[in-house]
Amino acid sequence: MPADPRALRGPADQAPAGLLVVGQLFADVVFGALPGGPRPGHEIWTSSFGHGPGGIANFAVAGARLGVPTAIAAAVGTDPFSLLVHAALAAEGVSLDHLVTLDAWTLPVTASLSYDDDRALVTGGVPCPLGSDELVPGEVPAAAAALVHLDPQRSAWIGRAAAAGTDVYADVGWDPSERWDPAILDQLDQCHAFVPNELEASAYTGTDSAVHAARALAARVPLSVVTSGSRGVVAVDAGTGEEVVRPPLAVRAVDATGAGDVFGASLAASARAPWTLTERV
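Numbers 1 to 281, taken from full-length UniProt numbering, label the letters of the sequence shown in order.
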């Protein structure tokens, strides 16, 4: 690599260093290396099993492990899963100064089943009752980059962050209604980058491939990056017109849970590095 990947650790006289992540937390229970999906009446055992923080925490943990000062603005409850997630984030070195505790809400739990080089998710619980504007109600914590899963409604804090010089990297979650209302993309005018996966990007843009989706999204945001799992990634710089198509790294897939989030955090962490777009993705 041409430079230290911990690019957001700037000297004190430069722009604010670090990552801010904002959004929904989950407790993840991960079952990896499955031979296939479960069938009614059958049981599958696997020795590849783990649990820990999920959702927006994937961004935060990845940033912290890259050595980047990282803060999280999210909500937890007082239930046992919330306590486990709180302790795990603290152990990773993530700043919890902007974490909100809700007494009447229980953290959702997601079971992730990894097979066929992908994963299927089952989540129990209800979404956080606080939107991201309620998680960041006033002055946005100083950060060089922020990572967020977009709310269905426009979030005012994103505009405040961008105005303060923070590069906002946005993603979207799965739409359980599968209506894929493109109105959610109107928020991209406040963002520096959009990093969805191919299924989400194609559904929201009405296109049939990662390349076509990335090109369509480049009309809305300076940097569009579409991840395609085992097929790699496509990135389009709207300012220069540069397109980058990269194959995936050659690895043996054990668990794909959070892979796109880790990629997104790494991309944001490289924002101030003197790297080309090809080197960043």
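Cβ coordinates follow ideal geometry from the N, Cα and C atoms, glycine included.
**Item:** Reduced DSSP secondary structure (H/G/I, E/B, other) of E134
**Value:** helix
**Message:** Please report the straight-line C-alpha distance between A238 and V225, rounded to a whole angstrom.
**Reply:** 11 Å
**Prompt:** CB-CB under 6 Å to V245, same chain, minus the five flanking residues each way: which ones, in chain order?
**Reply:** V234
**Prompt:** From A183 to S177, what does the alpha carbon distance come to, in whole angstroms?
**Reply:** 15 Å
**Item:** Anticipated Cβ contact below 8 Å, F26 with L135, distance rounded
**Value:** No, F26 and L135 are not in contact; Cβ-Cβ is about 15 Å, not under 8 Å.
**Message:** Report the CB separation of S114 from A256 in whole angstroms; it is logged as a contact under 8 Å.
**Reply:** 6 Å
**Request:** Determine the DSSP secondary structure at T227, reduced to helix, strand or coil.
**Result:** strand
**Request:** Would you kindly report the start and end of the unbroken alpha helix (DSSP H) that includes P80?
**Result:** 80-91
**Request:** Would you kindly work out how many angstroms separate the C-alpha atoms of residue 290 and G41, rounded to a whole number?
**Result:** Examination of residue 290 is not possible in this model, given that the chain is present from 1 through 281 alone.
**Asked** What residue does the alpha helix (DSSP H) around G260 start on, and which one ends it?
**Response** 259-269
**Message:** Please report the distance separating the alpha-carbon of V109 from that of V122.
**Reply:** 8 Å
**Asked** How long is the line joining the alpha carbons of C128 and D118, rounded to whole angstroms?
**Response** 26 Å
**Prompt:** If you drop the 5 nearest sequence neighbours on each side, which residues of the same chain put their C-beta closer than 6 Å to that of V94?
**Reply:** A60, A64, T70, I72
**Request:** Assign E243 to one of three DSSP states: helix, strand, or coil.
**Result:** strand
**Bridge partners - N58, DSSP secondary structure assignment** = According to DSSP, which records beta bridges pairwise, N58 is partnered with nothing at all.
**Asked** Going by alpha carbons, who is nearest to H149 out of A214, G232, F194, S202?
**Response** F194
**Prompt:** At what residues does the alpha helix (DSSP H) containing G159 begin and finish?
**Reply:** 156-163
**Item:** Secondary structure, beta strand (DSSP E): runs of 3+ residues fully inside the stretch 101-150
**Value:** 109-115, 118-124, 145-149
**Message:** Between A213 and S202, how many whole angstroms is the CB-CB distance? I'm expecting something under 8 Å.
**Reply:** 5 Å
**Asked** Count the other CB atoms within 10 Å of the CB of I44; is the residue buried (16 or more) or exposed (fewer)?
**Response** exposed
**Asked** Count the other CB atoms within 10 Å of the CB of A163; is the residue buried (16 or more) or exposed (fewer)?
**Response** exposed
**Request:** Could you tell me if T276 is buried or exposed, where buried requires 16 or more neighbouring beta carbons within 10 angstroms of its beta carbon?
**Result:** exposed
**Asked** At which residues does the beta strand (DSSP E) containing V233 begin and terminate?
**Response** 233-237
**Same chain only: Cβ atoms within 6 Å of S82, ignoring 5 sequence neighbours per side** = V76, L107
**Prompt:** By DSSP, does H51 sit in helix, in strand, or in coil?
**Reply:** strand
**Asked** Excluding the five sequence neighbours on either side, which residues of its own chain have a C-beta within less than 6 Å of the C-beta of G32, listed in chain order?
**Response** S48, S114, V254, D255
**Message:** In the DSSP output, which residue or residues are listed as bridge partners for T70?
**Reply:** L19
**Prompt:** Are the Cβ atoms of V236 and R215 separated by less than 8 Å?
**Reply:** yes
**Prompt:** Where does the unbroken beta strand (DSSP E) through L25 begin, and where does it stop?
**Reply:** 25-31
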